[in-house]
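Visitor:
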Amino acid sequence: MGVDPAFLSLERELAVFLRRARASSGELSREVHPDLEPAAYGLLVRLADAGAQRATDLAAFFGVGKATISRQLHALERLGLVARAPDPADGRAVLVRITDEGRDRFNRVRTARRARYARRLASWDRAEVAELARLLHRLNAEQEGEHEGEQEGEQGGEHEGQEG
Numbered sequence: 001m002g003v004d005p006a007f008l009s010l011e012r013e014l015a016v017f018l019r020r021a022r023a024s025s026g027e028l029s030r031e032v033h034p035d036l037e038p039a040a041y042g043l044l045v046r047l048a049d050a051g052a053q054r055a056t057d058l059a060a061f062f063g064v065g066k067a068t069i070s071r072q073l074h075a076l077e078r079l080g081l082v083a084r085a086p087d088p089a090d091g092r093a094v095l096v097r098i099t100d101e102g103r104d105r106f107n108r109v110r111t112a113r114r115a116r117y118a119r120r121l122a123s124w125d126r127a128e129v130a131e132l133a134r135l136l137h138r139l140n141a142e143q144e145g146e147h148e149g150e151q152e153g154e155q156g157g158e159h160e161g162q163e164g
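Residues 1 to 164, numbered by full-length UniProt numbering, are exactly what the sequence shown covers, in order.
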């Protein structure tokens, strides 16, 4: 049984897109700060968009371990891009927030990135841009649902191949 050519084409295009996205992530992180790791750039995005958060919430959002988040947050803190403060709702907990400098640097890069998107897609009809955004949202939402289902299965001991 052969593979549907539409899915082969999709696989190729997604591979190119993801390769370019990884390279772009490195460029964006260096634009924020020359010593910023690409993986930590996503933390800035989350903190800029969602506000102060606990490290455990960030780890859960990104689906990584606490040690990974802790290492990335320490690097961001050393660069002056994030700061930690006690959680006013729970004095035992600590919130991580983006600093003013971190927000300024991040916003400059985000504005430039959005301008690049606009230039690259200038020849596209607005309806095509909206359709691409809609389809990507649908793909992301479906993948997120699969990911959540995998996590629920793992937590419940129902993950395929898991030994009891």
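A virtual CB, placed ideally from N, CA and C, is assigned to each residue, including glycine.
1) If aspartate 87 and arginine 54 are in contact, beta carbons under 8 Å, what's the gap, nearest whole angstrom?
2) What span of residues does the beta strand (DSSP E) with proline 38 cover, start to end?
3) Taking glutamate 31 and valine 109 to be in contact with their CB atoms under 8 Å, please state how far apart those CB atoms are, rounded to whole angstroms.
4) Considering only C-alpha positions, which residue in the set Phe106, Ala39, Pro5, Phe61 is nearest to alanine 75?
5) Roughly how many whole angstroms lie between the Cα atoms of aspartate 113 and arginine 120?
6) On a Cα-Cα basis, can you pick out the residue from Ser123, Glu144, Thr56, Val96 that is closest to residue 165?
7) Please name the residue or residues paired with residue 165 in a DSSP beta bridge.
8) Nearest CA to the CA of arginine 78: which residue from Ala52, Gly102, Asp125?
9) Mapping DSSP to helix, strand and coil, what is aspartate 57?
10) How is the alpha helix (DSSP H) around histidine 33 delimited, first residue to last?
11) What span of residues does the alpha helix (DSSP H) with glycine 80 cover, start to end?
Guide: Straight from the coordinates:
1) 7 Å
2) Looking at the DSSP string, proline 38 is not in any beta strand (DSSP E); the run it does join, the alpha helix (DSSP H), is 38-50.
3) Contact flag correct, Cβ pair sits at about 5 Å.
4) It is Ala39.
5) Strictly speaking, residue 113 in this sequence is arginine, with aspartate absent from that position. If you take the alpha carbons of arginine 113 and arginine 120, they lie about 11 Å apart.
6) With the chain represented from 1 up to 164, any question about residue 165 goes unanswered, as that position is not in the structure.
7) Any answer about residue 165 is impossible in this case: the structure gives the chain only from 1 up to 164.
8) In this structure, Gly102 is the residue among Ala52, Gly102, Asp125 with its C-alpha nearest to the C-alpha of arginine 78.
9) helix
10) Neither: histidine 33 is in no alpha helix (DSSP H) and is coded neither H nor E.
11) Per DSSP, glycine 80 lies in no alpha helix (DSSP H) and is assigned neither H nor E.
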